[in-house]
Structures are given as structure tokens and as C-alpha cells.
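Which chain is which? The protein sequence lines are A and B, in order. Mind the numbering: the first sequence is residues 2 to 354 in our numbering, read in order. Mind the numbering: the second sequence is residues 3 to 861 in our numbering, read in order. From the three backbone atoms N, C-alpha and C, an ideal C-beta is built for every residue, glycine too. Keep in mind the model is a prediction, meaning the values are calculated, not measured.
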Amino acid sequence: MSAVASDGAPRPGEIEEFERVAAERVAGVRDLGTLEAAVPELTGRRSPIAGWKRSLGGLAPEQRREVGRVLNDALVRIETLVEQRREVLARADREARLAADRLDLTEVPPAPGSGHLHLVTQVREELEDIFVGMGYEIADGPEAETEWYNFTALNVPRDHPARSMQDSFYLATGDHESFLLRTQTSPGQIRLLERGELPLYAVVPGRVYRRDTADARHLPVFHQIEGIVVDRGVTFGDLAGTIETFVREIFGEGVATRLRPAYFPFTEPSAEFEITCTICGGSGCKTCSQTGWIELGGCGMIHPAVFEATGVDPEIWTGFAFGFGIDRIAMMRHEIGDLRSFIENDVRFLTQF
Amino acid sequence: MRVPLSWLREFTPLPTDARDREAVRRLGRVLDSLGLVVEGIEHVGGGLEDVVLARVLDIRPIEGADRIREVLVDAGGPEPLTIVCGAMNFVTGDVVPLAKVGAELPGGFVIGRRKMRGIVSDGMLCSGPELGIGQDAAGLMLVASTGSPDAPLPAGLELGAPLADYLGIEPDAVFDLAVEPNRPDGLSIIGVARDLAARLGLPFEVSVPSPVTSGPPASELASLELQAPDACRHMLARVVSGVANGVSPPLVARRLLLAGMRPLGAVVDASNYVMLELGQPNHPYDLDTLGGHGLSVRFARPGERLVTLDGTERLLGRHVDALGGVLEVEDLLICDAKDTAVGLAGIMGGAATEIGESTSRVLLEVAEFAPLVVGRTAKRQGVRSEASARFERGIDPAGLERAADRFCELLAAAAAYAGAAAPVVAPGDLDEHPRPSETRRVRLRLARANALLGTALSVSRVQQLLTPIGFGVDPANTGETAPDGASTPGETTGEAALDTTVLEVTVPSFRPDVQREVDVVEEIARHHGYERITPTRRRSPNVGNLGARNVTRRRLRRLMTGLGAHEAWTSSIVDPSLHVRAGSHAGVVELANPMVQEESVLRSHLLLGLLGSLRHNVSHRNPAVRLFELGRVFSPSAAGEGLPVEHEHLGLLLGGDGDDASAAVRAWRVLVDGLGLDAAALQLEQGPSLGPDVGALAIGVHPSRRGLVLDAATKLQPVAVIGEVDPEVLDSFGLSRDRRVGWMVVDLEQLETLPTRSDLARPVSRFPSSDIDLAFLLGEETPAGDLEEVLRESAGELCESVRLLDAYRGPGVPEGARSLAYRVRFCALDRTLTDVEVAELRARCIAEVESKLPATLRR
Ligand SMILES: [Zn+2]
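Printed below as a string of C-alpha cells:
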């Protein structure tokens with residue numbers, strides 16, 4: 002920086018010269034630190050302009066005003082240059098830091114994600130919610146049952162084939178024909194009726210067992226949901242309407258229901274209920290054997306013998322029951338070809354749903 | 003039950019054309035809606051338009067070919083036709099079916115003019131199966147044998163005429179029906195026809211003429227004795243002499259085939275035909291091979307044996323059950339008059355008295371056996387014959403004589419077809435009827451029927467529905483009203499309840515299943531049509547309720563998936579060796595009748611299935627998996643008999659990268675936090691100090707890497723076991739013992755008893771908090787949890803949190819100890835704590851820890 006005149010006042014041309022040098026210096030600064038370090042010499046107390054300002058007192062008032070104005074203008078111009086340079090350097094500095102910070106988000110390696118609920122659980126919970134919405138309670142029952150609950154109280158005749166060692170898993174405790182793994186969720190009906198709290202609107206979802214060899218369409222262990230309604234004046238029409246309602250909740254509008262006579266020992270009149278084939282929409286395909294209908298479950302008016310066995314007066318109370326497979330609904334909805342996928346627990350399967 | 007449409011038409015004039023597939027499908031839907039479920043429809047007998055009758059004129063060998071021959075036939079045309087044929091079962095003069103060039107056979111096969119070994123074949127001579135009308139594929143279908151090419155033809159047989167016309171075969175449709183157990187009548191052609199006729203408003207009639215009888219009375223030719231009147235309620239034996247046991251007329255043979263039975267000769271065919279048509283099983287015996295020319299019926303003596311028609315020797319009167327127990331049982335036998343067993347009643351005849359070609363005198367047995375007697379023997383013997391299936395459901399007790407008459411009618415027709423003399427029916431059947439069945443009457447309250455169905459059916463409508471299916475609704479009784487109170491379904495709703503009409507309904511003999519009012523109501527509904535009952539919306543008066551256990555299950559499942567675990571479900575029936583492999587020697591619940599040994603006991607623990615699932619994933623190159631399962635486990639009841647004890651467990655198998663017992667501890671903490679449990683009241687206790695037995699819950703757990711949570715109240719019941727899977731157990735399940743797999747198992751019932759933390763709001767301080775960091779040297783034998791507990795207690799009410807920062811082992815720390823660094827945070831609600839206060843708290847914490855535990859502050 003050029004020297005200051007002995008009397009302190011700027012010599013002619015000296016201010017312009019300083020301004021030129023200062024401008025060059027600001028333009029040459031490459032980083033913010035150097036710029037800030039130079040600021041006192043350019044516009045601060047150590048700058049010549051500060052010195053010249055201090056010398057103004059020795060000048061005549063007229064001249065003082067004039068020189069002061071010139072000095073101030075020069076100072077403002079230099080400050081503006083510094084400020085502009087600061088902005089440029091700050092931007093460059095931020096850009097350099099951001100560039101160094103760069104992260105390729107497509108480069109992130111996979112990490113374990115959320116777990117998945119089993120498909121059967123998802124369907125089961127959905128069914129539970131539908132029935133809770135319809136004012137039903139969700140009940141439980143044991144999986145190991147007595148013959149009384151699984152058959153006798155359900156009016157299943159002593160010599161009915163379902164009771165045979167061929168079709169049911171009996172337990173090797175006590176008399177081996179008195180305890181078995183429940184073959185249906187229907188014993189839940191008996192336990193609820195025995196509880197004696199009427200009117201009753203309930204479903205019993207759960208695991209059931211049949212003496213089948215596992216293949217693509219059968220598992221010896223599977224899941225069912227059983228519904229029971231007992232109230233005054235319950236009719237077969239109510240049964241048909243209830244089935245229509247929950248089928249629509251499960252499969253959506255446009256899926257029709259029909260009842261067809263069938264036989265179950267614990268209901269009468271009994272019916273199988275069928276829904277419009279979900280694959281072809283009712284026009285007929287291989288899945289529905291060209292009928293346009295798919296069998297979903299069994300239902301019927303509770304047999305008076307069941308009421309009699311559980312101490313409910315069938316002259317006062319009437320009711321209906323229905324049951325269907327949970328796994329089967331999952332299978333239909335998701336077009337699962339082999340039921341055994343459900344018990345393999347292959348993560349490649351589980352994480353699909 | 004396979005039901006040909008043409009057979010139904012014998013009894014009711016169904017307008018359905020068998021060639022109109024859509025019409026046949028529509029009829030199938032009617033059957034469906036009657037509860038006679040159509041499992042399949044088969045169209046048969048079409049494609050025979052270009053199959054004609056041809057007589058074999060000459061048969062010549064073809065040089066260089068020993069499997070085919072050149073056959074010259076007369077098919078009614080001016081010139082004989084040359085056919086190349088591979089069958090060997092015919093001679094010149096035989097009349098056989100010829101499919102002419104261009105004919106399309108039932109299977110869709112089109113006959114072309116083919117050249118074989120230089121000889122052009124003008125068509126094909128056909129076997130029965132090729133035409134869809136016979137089962138014997140051994141050679142050509144032999145329509146007639148005339149002896150020589152010049153012999154006169156049988157009456158009505160014209161060469162070149164369509165085979166179908168000559169045989170009386172028309173295109174037919176066969177319904178394959180699944181008949182429910184409560185429809186014994188559905189196992190007969192007439193039963194199906196009756197149901198259809200009723201639904202379609204068509205007439206229905208079964209008329210069987212009684213045979214003309216002659217010669218000596220049956221009682222002089224044969225004898226009959228019943229010794230078990232409750233098992234054999236009625237038996238009728240008829241003697242027919244002069245029987246020619248040739249082939250059945252084509253119509254009979256064809257219907258049997260369509261119904262799924264093989265024609266076996268006129269006598270047996272007539273018997274089977276009667277069974278299928280009328281639903282009445284019956285058995286013809288060769289009277290001349292029947293010892294003492296008579297039958298007797300008795301229970302088998304224990305250990306008695308009989309070889310049945312299928313060649314099986316059967317042990318009777320005694321039964322060895324699945325567990326080796328020997329029981330004396332009642333097996334009903336048909337014996338000859340010399341007490342030699344000749345048949346298993348209602349199930350299968352014996353081999354010795356089988357009808358043969360030389361049979362000329364037949365004793366026909368038509369009986370009513372008790373359903374349970376037949377059913378039980380059939381079940382024990384593992385046979386289910388056409389006869390036993392019908393007896394088990396109950397036959398029409400009023401139809402025995404009609405069945406015998408129909409049998410005679412068919413035998414007479416067979417004789418006429420064969421050109422033989424008519425058989426002679428002996429007058430006076432042998433008839434033992436110790437238990438005549440009574441006509442059943444059921445009271446039907448019209449109001450009850452309407453209340454159950456949600457209908458408003460009138461008396462006349464009910465009559466209109468029930469009468470065509472054989473029920474009597476006596477008009478004299480329709481006006482009867484119930485005496486006061488006797489039948490008032492006072493609680494049933496609607497106007498129908500006001501109707502006190504009671505109908506007396508007579509149940510037809512062929513519906514033994516109809517026993518009570520509701521059975522009649524079902525028949526009304528069935529014939530009214532389920533589809534005509536209007537669906538109504540019934541609203542539950544209750545509030546829907548998921549139930550506490552389901553709420554717990556749902557919260558647990560979501561906490562587990564939040565931990566990245568996938569839900570598995572594994573079979574509850576497992577290999578008994580799995581329990582041993584998992585280190586459990588406690589009793590398990592065994593199945594009495596497993597399918598295979600590998601699936602013969604109930605699981606007592608979820609670990610078994612989850613380890614299997616982990617191994618499945620490892621073997622498919624997905625080793626890093628977290629799985630959980632919520633399900634029941636079983637153990638024998640304390641007394642060793644009665645129902646097993648069921649517990650519901652949550653099992654979490656932590657097989658992710660870097661997972662170990664710590665991951666299980668963290669999972670438990672997430673569970674405690676997520677369920678809102680009171681963490682302070684639930685101490686995780688380090689395993690080894692608890693001794694080897696921490697209950698069944700601890701199966702398969704690493705002995706030095708396990709912790710236990712006991713119930714808060716008694717400190718006796720295990721709630722959860724947390725830790726790692728024992729490396730030996732991993733190894734025995736085919737997993738590497740070098741990897742660590744975290745494991746947590748929780749008993750849901752116990753979990754629900756645990757104290758929850760207060761849900762009242764606690765204020766949060768606005769003042770700055772102060773931390774003190776303290777590191778203690780603590781021997782390995784003392785659990786860190788104890789130190790943390792002492793710190794928490796001594797820190798007092800101002801303590802906001804105690805956190806383990808670091809556990810350090812290594813230089814500067816004595817062998818057998820570690821340095822545990824904790825950060826204790828203090829905070830007051832009403833002020834900033836002064837340095838002096840914090841220093842006092844610090845000193846107190848150090849003093850308490852050092853005095854209560856073998857721990858020293860690390861400086
Ligand atoms: Zn379809």
C-alpha cells in the first residue's frame with residue numbers, strides 16, 4: 002500500500018490510485034479467508050482512506066467537505082467490490098463443499114426392511130375386522146377337543162364317517178377315541194352356546210386339522226372361520242342376507258352369492274354357499290369347471306338338536322351358522338398354486354404380501 | 003352316482019334333448035338347486051351316425067404282417083368292402099360295427115381311407131370302447147354271430163343300417179352326482195327322477211308288473227331262516243328257474259356301463275340294474291350250489307372267516323383295532339341252509355355261490371338290513387360297496403317286492419333277447435318280516451316353518467311342494483289348530499307366529515332320514531327353492547368386539563414386523579425326534595393315528611418349526627432372516643389323561659446379520675415398551691443363576707446366554723425366555739453351530755398378567771438437566787442389571803435416566819471383571835440443580851454401589 006502523505010492529506014491522484022490497487026487486490030483474492038484478512042487494509046482502520054479521513058481536520062471547511070465526499074465515495078465503491086467478491090467466494094466455497102459432500106443415493110446397499118405378516122394372518126385380520134364391523138365378537142376355542150364338542154353336541158351321528166380314525170387325528174391320551182384335534186371350528190359354536198349369553202353374534206377363527214396328506218390343495222393343518230348367530234326370530238333369509246353382506250365385504254361389489262341345498266348334521270336346512278367365480282367373473286372357466294360359481298363354505302340354520310345339547314330352547318331362539326376356509330380365500334385371491342407355500346415360510350414368498 | 007338322462011326319462015318325461023348341451027347344463031343346474039350336486043356331465047353316444055352293421059365275409063392274412071388281417075365285409079352295399087383290421091376275436095359270419103370313411107367317432111377320431119401294407123382300408127371295424135358303448139377292449143364288438151356269410155340274419159338286423167338304431171342307442175348325457183348322506187333316495191334313478199319331476203312339475207311314475215308264477219311254490223324249492231331280526235328286519239327270497247345266463251340286452255348293458263358298472267351276464271346285470279334303478283341292493287345265488295337249498299341270517303362267530311367275491315379272506319366276529327385291542331363285534335352273515343357263510347350281509351357276496359354261466363336256478367335275496375350293522379362291518383372291513391353305501395343310508399323298506407318283480411322282468415327281457423324260453427318264477431316268495439316299519443308321521447307347524455325360513459308359504463303351497471316328493475299332507479288335518487300353548491312358538495316373530503295351523507305330514511318310506519319337523523322344513527325349502535327365499539339384513543344388537551387376546555396378538559405382530567421379522571406359520575404336528583433334538587425330554591402329546599411317524603406328535607414349542615423354516619431359507623441361500631410365529635403349543639395334562647394343556651406362545655427367531663442374544667434383549671425391550679408394560683417391574687434375570695430348569699419355555703436355549711422374565715406377582719411363572727439358540731441345537735437342526743441366532747419366546751397368557759406402566763401424564767421439566775458419568779469395575783459374576791438397579795435406586799427421585807454407555811474389558815481392567823460406564827441424568831421440575839447438589843448425588847451413587855456390590859469406581 003502506498004505511503005500516506007506527511008501532512009496526511011491525499012495527494013492528487015492518490016485516492017484514484019488506491020482505489021485501482023484495491024480493486025485489483027479484491028479481484029485477485031481466491032478464498033474468503035484471504036478476503037476477510039485484507040478487509041482492514043482495504044476499508045478498515047488500517048486502510049489509507051481511514052488515514053486520509055483523519056487528516057481532514059487540517060483542511061478548509063469547503064475543501065474538507067469536498068475531499069470527504071470523494072473519500073466516502075471511494076470507500077463505498079471499494080466496500081461494494083469487497084461485498085460482491087465475498088458473495089462470489091461464498092458461493093464458490095459452498096459449491097465446493099457440496100461437491101465434496103456428494104452422495105449417490107442409488108449406491109445405498111440394501112438393509113433389512115419391515116417384516117411381513119403372513120398372508121393367512123392378513124386375510125384373517127381382515128375377516129375379523131369385517132365381522133367386528135357387523136357387530137360380532139371374535140371368539141377362540143381350544144385346538145385339542147373332546148368328541149363331545151367336536152361331534153356329539155354338533156349332532157354328528159356316532160357312525161358318521163368324519164368320526165373315523167381315517168379322517169380325524171385322535172390323541173393317544175385316555176380313551177383314544179375321546180380326544181382329537183378339532184376337525185372344524187364348529188366346536189366353537191358349542192362353547193359359545195354353553196356360555197349362555199344370548200343373543201349371540203360371533204365368529205371363531207382358528208386352526209383345524211384333517212387327516213389328509215399334504216398336497217397342492219390340501220394341508221392336514223389349515224385355518225377356518227366359523228360364524229354363529231342366535232337371536233329371536235332369526236330366519237334362513239337372514240342367513241342368506243348375512244352371507245351376501247360379508248361376501249361383498251371380502252370380494253367387493255359385483256360378486257354374487259347363491260345357496261344350494263347340502264347336508265351338515267348340525268344345521269338344517271343346510272346349504273353350501275357359492276360365489277361368482279373370481280377368475281372369470283361368472284362366464285365359466287377351468288377353475289370353476291365352467292359353472293361360473295366357486296364353492297366357498299357351508300352354512301345353515303342351527304339344528305334344534307344342537308340347541309338341545311347346549312340347553313338353549315329352540316322354541317325361543319333360532320339361529321344360523323356358517324364356516325369357510327381362510328387359507329382358501331387367500332389362495333383364491335392371490336392365485337396361489339400350492340398351499341404348501343404357506344408352511345414353508347420361504348422369505349421369497351413371505352415378503353410378497 | 004352316475005345318472006344317464008335316458009334312464010331318468012323312463013320315469014318322467016323330461017323335455018331335455020341330450021344333444022343340446024346348454025339344455026343339459028340347465029337341467030344340471032336344477033339338480034344342483036335340489037342339492038343333488040352335479041360334479042360332472044358326460045355326453046355319450048354321439049358320433050355313431052356313420053357306424054353301420056357289417057357281416058364278415060372273408061378273413062385273409064396279409065403277407066409279412068401277423069398283427070393285421072384283410073377282412074372282407076358286407077355293409078349292405080352292392081360290393082363288399084375291404085377293411086384292414088388288427089382284432090382277432092371274430093370269425094366269418096359275425097356281425098360287427100363298421101365305421102365308414104369320413105365317420106367321426108365319439109372320441110373325435112375321424113376315419114380316413116388308409117393304405118396299410120399295400121391294401122387300402124375302406125373304414126374301420128370297431129370295439130365297444132371305440133364307440134363309447136362298451137368296456138371290453140379285447141377285440142371287436144360282436145353284435146351277432148350268424149355262423150356263415152350266407153346264413154339268415156337275426157330278425158330286425160339289416161346290414162348297412164346304423165348300429166345305434168339296431169342297439170336302440172341314442173345320444174345320452176350322464177350326470178355325475180354327489181349325493182348327500184341324508185338323501186338315501188338320491189342313490190337311485192327313480193329318486194333323482196322323482197325330485198326332478200317335482201321341481202319341474204312333470205308327472206312321475208314307477209310301475210313294475212308282478213311276474214306270472216308257475217310250478218312248485220318257492221317253499222318247496224328253498225328255505226329261509228332269520229336269526230338276527232334287529233339286524234335283518236325283512237328278507238324276501240324268490241326262486242326263478244329256467245334262467246339263461248347269457249348276455250344282457252344292449253340297452254341294459256349300456257345303461258350299466260354309463261352308470262359305471264361292468265355288464266357281467268344277464269343275472270348279475272339284472273341284479274345291479276335293479277339296485278341302480280330302484281336303490282334296492284339284492285343278491286342272486288345259484289340255488290343249486292347253495293348248501294341245503296336255502297338261506298339263513300345270523301351274526302358271525304368270533305374268528306369266523308369268509309372269502310368274498312373280490313377274493314379277500316375276511317376275519318369276522320372279532321376286530322383288532324389300531325392299538326392292537328381285540329373286540330368281539332357283530333358282523334351279519336348270510337349263510338346257506340347248512341350254516342356255511344355265503345355272504346357278508348348287505349356288503350358283498352361270497353365267492354363260492356357266485357352266479358356262473360351254467361346257473362339255471364336263481365335264489366334272489368332282497369333284504370332290509372339295519373344301517374348301523376352294515377355300516378360298522380363295512381368300516382371295519384374297509385369296504386364300501388354299492389350295496390353297503392345304500393344300506394348305510396337306509397333303503398326303502400316298502401320296495402323289496404317291487405325290486406324282486408323288476409329283477410324278474412329284466413330276466414324275462416334278457417331271455418327274450420337271447421331267444422330263450424322265459425324263466426319260471428315260483429309262486430309264494432319266502433318272506434320273513436320280523437320288524438315291519440311303521441309309517442312315520444311328523445307334526446308340522448306352518449308358522450314354525452315360515453318363521454325358520456323367513457317365508458309366508460300357505461298350506462296349499464306346502465302341499466304342492468311336499469306331495470310330489472311322496473310326502474302325505476292329509477287335507478283332513480290341515481285345518482287342525484294346536485291346543486292352546488302346545489305349539490305356540492310365542493317367541494318367534496312376524497305375522498306367521500299368529501298362524502296356528504298344524505299339518506300332519508306322512509313321511510314316505512324311502513325317506514328314513516326325515517324324522518322331525520325341521521327335516522320337513524328343509525324339504526319345503528329345498529323344493530320351494532333356496533334362491534326364492536329373499537335375503538334379509540339382520541343387524542347385530544351387540545357392539546363388535548375383537549377381544550383382549552386378539553388385541554394383544556395384533557400389537558405383538560406389528561411390533562415383530564417392526565423389528566424386521568416376517569411372520570411364519572408352521573405345522574402343529576411334528577416329528578417326535580425334533581423335541582429330543584431341541585434338548586427336551588419332557589412328555590409330548592402323541593397322536594393315536596398319525597399318518598406318518600414324522601408327523602405324529604403335537605409341538606410343545608415354537609422353536610422346532612421356526613428352526614426348520616430358518617433352515618429352509620438357509621438352504622435357499624437366504625441365511626439372514628428374522629422369523630416369528632404366534633401359535634399354540636401342547637403339553638400333556640398334569641394327570642396324564644384328559645385334554646392336553648394348550649399355551650399360546652410368541653416365538654421370535656433372530657437370524658439376521660449380527661443377531662445374537664443382545665438382539666433378543668433389544669426385541670424384548672421393544673415389546674415391553676410397545677405393549678406399555680412397566681419395565682421397572684420386569685427384571686430380566688440372567689439365566690445360569692436360575693439353575694437348569696426354567697420350565698418348558700427354555701427348550702433349546704444357550705445355557706450361558708439366556709435370560710428369564712418371571713411374572714411380577716409371584717415371581718414363579720416364566721413369562722419369557724430371551725437369549726440365543728444353543729449351538730448344539732442349531733447343529734442338530736442342520737444349521738451351522740458357528741453362527742449366532744437370537745431367540746425370544748413369550749407366553750401370551752402370562753404376558754397379559756404383567757403390570758402396565760401408568761398412563762397418567764408426568765410433567766417434563768423446563769430446566770436444564772445435569773449428567774454424571776460413572777465407570778465401575780464389576781466382577782463378571784455380578785450381572786450388570788444389578789448395578790443398574792442400585793444406581794437407579796440411589797439416584798433417587800431426581801434421576802431422569804440411567805444409561806449404560808460402554809462395557810470395557812482389556813488393559814487396565816483386572817481379569818474376571820469389566821468396566822461399566824453409566825450416564826445418570828438428573829433433573830428437577832422446579833429449578834436448575836446446583837453443582838453442589840449434583841456432586842452430592844454423585845457421591846451418594848458411588849457410595850451406594852460400592853457398599854452394596856463388589857464394585858469399585860474406576861478412576
Ligand atoms: Zn370361472
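For residue 430/B against residue 221/B, the beta-carbon gap comes to about 6 angstroms, under 8 angstroms, which counts as contact. For residue 63/B, same chain residues with a beta-carbon under 8 angstroms away, outside a window of 5 residues either side, are 71 and 72 in chain order. Per DSSP, residue 608/B lies in no beta strand (DSSP E) and is assigned neither H nor E. Closer than 7 angstroms at the C-beta level to chain B, one finds these residues of the region 156 to 171 of chain A: 160, 165, 166, 170 and 171. For residue 860/B, no chain A residue has a C-beta closer than 7 angstroms to its own C-beta; the minimum C-beta separation is roughly 36 angstroms. Runs of the alpha helix (DSSP H) spanning 4 or more residues and lying entirely within the region 166 to 233 of chain B occur at 191 to 202 and 220 to 223, in chain order.
Rounded to the nearest angstrom, the gap between the Cα atoms of residue 780/B and residue 709/B is 19 angstroms. In the structure shown, residue 670/B adopts helical secondary structure according to DSSP, grouped into three states.
Chain-ordered, the chain B residues with CB closer than 9 angstroms to the CB of residue 344/A read 570, 571, 572, 573, 611 and 615. Ranking 96/B, 90/B, 57/B and 623/B by CA distance to the CA of residue 81/B puts 57/B first. For residue 183/B, the nearest CB of chain A lies under 8 angstroms from its own CB, placing it at the interface with that chain. The shortest CA-to-CA distance from residue 59/B to any of 584/B, 96/B, 654/B and 797/B is the one to 96/B. Nearest CB-CB separation between residue 222/A and chain B: below the 8 angstroms threshold.
Taking one beta carbon from each stretch, the region 144 to 153 of chain A and the region 246 to 264 of chain A have fewer than 3 pairs nearer than 8 angstroms; the two do not touch. At a cut-off of 8 angstroms, the C-beta of residue 319/A has a neighbouring C-beta in chain B. Remark: the C-beta of residue 526/B is outside contact range of ligand 1, defined as less than 7 angstroms to any heavy atom. Runs of beta strand (DSSP E) with 3 or more residues, each lying fully within the region 601 to 660 of chain B, are found at 627 to 637 and 647 to 657, listed in chain order.
Taking 4 residues as the shortest admissible run, the region 250 to 319 of chain B contains the following complete alpha helix (DSSP H) segments, listed from N- to C-terminal end: 252 to 260 and 268 to 280. Residue 142/A and residue 182/A have their C-alpha atoms some 12 angstroms from each other. Judged by pairs of C-beta atoms under 8 angstroms, the region 269 to 286 of chain B touches the region 364 to 372 of chain B, as three or more such pairs exist. When Cβ-Cβ separations below 8 angstroms define contact, residue 35/B makes contact with chain A.
Placement of the Cβ of residue 538/B at a distance of 7 angstroms or more from every heavy atom of ligand 1 is found. When the Cα atoms are used, residue 179/B and residue 737/B turn out to be separated by approximately 52 angstroms. When secondary structure is reduced to three states using DSSP, residue 507/B falls in the strand class. Taking a 10 Å sphere around the C-beta of residue 190/A, we find 16 or more other C-beta atoms and assign the residue as buried.
Residues 94 and 95 of the same chain have their beta carbon placed closer than 8 angstroms to that of residue 150/B, with the five preceding and five following residues left out of the count.
At a cut-off of 7 angstroms, the beta-carbon of residue 280/A counts as near ligand 1: some heavy atom of the ligand is closer than that. For the region 130 to 145 of chain A, the set of positions with a beta-carbon nearer than 9 angstroms to some beta-carbon of chain B reads 130, 132, 133, 134, 135, 136, 137, 138, 139, 140, 141, 143, 144 and 145 in chain order.
Ligand 1 never approaches residue 338/A closely enough for any of its heavy atoms to be under 7 angstroms from the residue's Cβ. At least one heavy atom of ligand 1 sits closer than 7 angstroms to the Cβ of residue 285/A. In the DSSP assignment, residue 49/A falls within the unbroken alpha helix (DSSP H) covering 49 to 55.
Identification of chain A residues near residue 846/B by a Cβ-Cβ cut-off of 7 angstroms yields none; the smallest Cβ-Cβ distance measures about 43 angstroms. A straight-line Cα-Cα distance of about 57 angstroms links residue 628/B and residue 187/B. In this structure, residue 315/A and residue 308/A form a Cβ contact; the two beta carbons are roughly 4 angstroms apart against a cut-off of 8 angstroms.
In the three-state scheme derived from DSSP, where H, G and I count as helix and E and B as strand, residue 22/A is classed as helix.
Remark: C-beta atoms of residue 786/B and residue 806/B approach each other more closely than 8 angstroms.
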